[in-house]
Amino acid sequence: MTSNRLLQECLEDFTDILRLPMALYDQNRNCVAGEEPEPPDAQTFENFSDSAADMQALGNRCLFRVGDEQGYILSVSGNAKDSYSMGQLACRQLERLLEIGYKREDRSRFAHDLLLDNLLPMDIAGYAKQMHVDTGCRWTVFLVEGRGCEAADIQMILKNILANRTMDFVAPMEEHTVAVLRSMKEGEGREEMEELAHVFVDTVSAETLARIRTSCGTPAKTLREASRSYKEAKMALEVAEIFDSSRTVITYEQLGIGRLIYQLPVPLCEMFLREVFGDCDPEEMDEELLSTIYRFMDNNLNLSETSRQLYVHRNTLVYRLEKMQRTLGLDIRKFEDAMTFKIAMMVRDYMKYLEKRED
């Protein structure tokens, strides 16, 4: 993905040195670089674009096909002999420039645009061919997030981890988030991807001394479908942030009920909270009571184990649970009511997340 600015500078140099006006056009006859007194007429341009010829001389103008995949056409105006020979030279240089356009730093830009669905299928195939990337193998996207450290630092560490894997891509996506587009070998599955995610977390956190979280989507069957895996990895990070912020490795396939709540429409969430809590505000509930309830549910509704862990008498625990029953009408000693309360608190956490994001 060579920038138009670089192409423009290249053609300006050619024009200054060779004294021949040159312009580079895309397949839609839009001038992407250079300048000439008059562009080729639409019919001439279309005829050459549809033909199999690599060059066509038209009076004092020569048209050259530049790059097999990009579909650029170079127009050189001037003396027929000069425009042909100098045009060939310019064409070769532009092709080399385009060929290396996605190497080094532009390689990460390709991955960035690919994951954000900013590339056409034709562009994906063309650039992948230039970089000798197998578009047909499976791909998994990881998102590595580090609050308190820059994406550039994370990217450098991840590139060192994957130094021996020439097929993989590492691209910064946001200020503190970097994506890893990893090609999967035959036989690799979720277990291997989780192990790699732990390697990312351990290595990056050790190098940056920041808290690192890593998520991964499900494997994409082709490179073109990698954007879906990216969306899944991004969703996994957000769901974990809402419902289980202590997790450092999150896979899209293991989001639990949080995945369902995350996709609920807001009006439905508000209706459910009114149904469960009524006029009671969960924020105003007694902290000790909430702590007791969560511990009770963590112990699978076991009264004896919960009272032992809280160092309270069994009757005291029963009193606290009955107090909640009087407040909300939920007896969490019953599995159904316990699940209702658990889901309601998760929905409340989701609503708080949405409010915070809007602020």
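The sequence shown begins at 85 in our numbering and counts up by one.
Each residue gets a CB set at the ideal place from its N, CA and C atoms; glycine is no exception.
Quick one: using the 10 Å Cβ neighbour count with 16 as the cut-off for buried, is His196 buried or exposed?
-> buried
May I ask which residues mark the beginning and end of the beta strand (DSSP E) holding Thr332?
-> Careful: Thr332 lies outside any beta strand (DSSP E) and carries neither H nor E.
Looking at C-alpha atoms only, which residue of Ile416, Glu439, Leu108, Gln239 is the closest neighbour of Gln92?
-> Leu108
Boundaries of the alpha helix (DSSP H) in which Ala212 is found, first to last residue | 205-214
In terms of residue numbering, what span does the alpha helix (DSSP H) encompassing Ile341 cover?
-> 341-346
Taking DSSP as the reference, what is the three-state secondary structure of Leu357?
-> helix
Separation of Asp382 from Met430, as counted between CA atoms | 15 angstroms
Does DSSP put Tyr109 in a helix, in a strand, or in coil?
-> strand
Beta bridge counterpart(s) of Leu265 as assigned by DSSP = Val225, Phe253
Counting along the chain, where does the alpha helix (DSSP H) carrying Ile416 start and finish?
-> It is not in any alpha helix (DSSP H) - Ile416 carries neither H nor E in the DSSP assignment.
Can you name the residues that DSSP bridges to Leu158?
-> Leu108, Phe148
May I ask you to verify whether the region 309-319 touches the region 198-213, counting CB pairs closer than 8 angstroms and requiring at least 3?
-> yes
By how many angstroms is the C-alpha of Met355 removed from the C-alpha of Ser375?
-> 25 angstroms
Which residue from Gln393, Leu414, Arg358 puts its Cα closest to that of Arg432?
-> Arg358
As assigned by DSSP and simplified to three states, the class of Tyr186 | Only weak support is given to the placement of Tyr186: the predicted model assigns it a pLDDT of 47, under 50, and the value that follows is read from those uncertain coordinates. Coil at Tyr186, not helix or strand.
Is it buried or exposed for Met206, if we count other Cβ within 10 angstroms and need 16 for buried?
-> exposed
Looking only at DSSP bridge pairs, what is Gly230 linked to?
-> Ile296
Element boundaries [alpha helix (DSSP H), containing Val323] = 310-327
Use the C-beta contact count for Gly220: other C-beta atoms within 10 angstroms, 16 or more gives buried, fewer gives exposed.
-> exposed
Let me know the secondary structure DSSP gives Met369 once reduced to three states.
-> coil
Nearest residue (CA-CA) to Ala294, options Phe98, Gly340, Arg231 | Arg231
Out of curiosity, what's the CA-to-CA distance linking Glu229 and Tyr395?
-> 39 angstroms
Determine which residues share a DSSP beta bridge with Gln172 and list them.
-> BP columns for Gln172 are empty, so no partner.
At which residues does the alpha helix (DSSP H) containing Leu142 begin and terminate?
-> It is not in any alpha helix (DSSP H) - Leu142 instead sits in the beta strand (DSSP E) that spans 139-142.
Pick helix, strand or coil for Glu120, following the three-state DSSP scheme.
-> coil
Buried/exposed call for Leu227, threshold 16 Cβ in 10 Å = buried
May I ask you to report which of helix, strand or coil DSSP gives Ala281?
-> helix
Closest by CA to Asp363, which one among Asp328, Asp218, Thr411, Ile377?
-> Thr411
Can you give the Cα-Cα distance for Phe380 and Ser329, rounded to whole angstroms?
-> 21 angstroms
Over the uninterrupted alpha helix (DSSP H) stretch that includes Asp125, give me the two end residues.
-> From DSSP, Asp125 is part of no alpha helix (DSSP H); its letter is neither H nor E.
Output yes or no for whether 7 angstroms exceeds the beta carbon distance between Glu120 and Pro105.
-> yes
Whose C-alpha, out of Thr224, Arg145, Glu439, Asn114, is nearest the C-alpha of Ser299?
-> Thr224
Residue range of the unbroken alpha helix (DSSP H) whose run includes Glu389 = 387-394
With DSSP run on the structure shown, which of helix, strand or coil describes Glu30?
-> Not covered by the structure: residue 30. The range shown for the chain is 85 to 443.
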